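> Quick one: the structure is below, and I'll ask about it shortly.
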Ligand SMILES: C[S@@+](CC[C@H](N)C(=O)[O-])C[C@H]1O[C@@H](n2cnc3c(N)ncnc32)[C@H](O)[C@@H]1O
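Residue numbers (my numbering): 12 to 239.
Printed below as a string of structure tokens:
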């Protein structure tokens, strides 16, 4: 079905350019991804051998490849062709054959009857109205009782402490990761990280029950179950 003329183009780039070869080549080192941590997360989310899942905004495919070693079928979905190429190369190097790649975004991916959807550090690419649309689409792609896991930058500080929370985060990122102050500042200025309470409300309105919310500074994680 064709989208209406007011539909958001979720392939356009905001903030960091994930089509840039240098950005992709240095991504894992800067991000500090850890396959063991992803595996532990997937075990905690209850991923088992007979399940099908999708990772949206999969980036270089670290989590998607861990998942493919644990379950029946994985859809690795991203808007960036360069990121998907890196994810595909990782899957090939690991000899994984149960992983499919889709160049699409939250508002355009195709999937159904999934047991689990994960999305890490990607939902902030959409403005809030479109986050809600995306969550509704993810709800539709899950089986009843299926799980959604979201990790992202989201703010939990009260408004009068937000500026300090942002400054603290930018300072921490620049000191402890491969991201510069300018890259961190552009995330806040140009991308769409929102409030944790807004994500919680959208999840509830889209037909999810939140079973866990962990907030560690500006990093929020939600695990939610599609209501039956
Ligand atoms: C910060 S990276 C996160 C990658 C990976 N999930 C991780 O945690 O390392 C954000 C990813 O989201 C992708 N992305 C950007 N906009 C998107 C959208 N509208 N739909 C799906 N993915 C998107 C980018 O191409 C990029 O690969």
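The beta-carbon is built from N, C-alpha and C at its ideal position, and this holds for glycine as well. Small disclaimer: the values here were computed from a predicted structure and weren't measured.
Using 7 Å as the cut-off, classify the Cβ of residue 31 as near or not near the heavy atoms of ligand 1, replying yes or no.
Not so, every heavy atom of ligand 1 lies at least 7 Å from the Cβ.
> Work out the CA separation of residue 44 and residue 163 for me, nearest whole Å.
Taking the straight line joining both Cα atoms gives about 14 Å.
> Return the Cβ separation of residue 89 and residue 73 in integer angstroms, given the expectation that the two are a contact with Cβ distance under 8 Å.
Going by Cβ atoms, the distance from residue 89 to residue 73 rounds to 12 Å, so no, they are not a contact pair.
> Only counting the same chain, and skipping five residues up and downstream in sequence, which positions put a Cβ closer than 7 Å to that of residue 122?
So the list reads 65, 86 and 152, once near-sequence residues are dropped.
> List the DSSP bridge partners of residue 162.
DSSP lists 131 and 232 as partners of residue 162.
> Tell me where the beta strand (DSSP E) around residue 145 begins and ends.
Looking at the DSSP string, residue 145 is not in any beta strand (DSSP E); the run it does join, the alpha helix (DSSP H), is 139–152.
> So residue 223 is in the beta strand (DSSP E); what residue range does that whole segment cover?
First-last of the beta strand (DSSP E) with residue 223: 219–227.
> For a quick check, are the C-beta atoms of residue 63 and residue 125 less than 8 Å apart?
A contact, by the Cβ cut-off of 8 Å.
> May I ask you to check if the CB of residue 199 is nearer than 7 Å to at least one heavy atom of ligand 1?
It does not: the Cβ of residue 199 is nowhere closer than 7 Å to a heavy atom of ligand 1.
> If you scan the stretch 177–220 from start to end, which runs of the alpha helix (DSSP H) of 4 or more residues do you find wholly inside it?
Correct list: 192–201 and 207–216.
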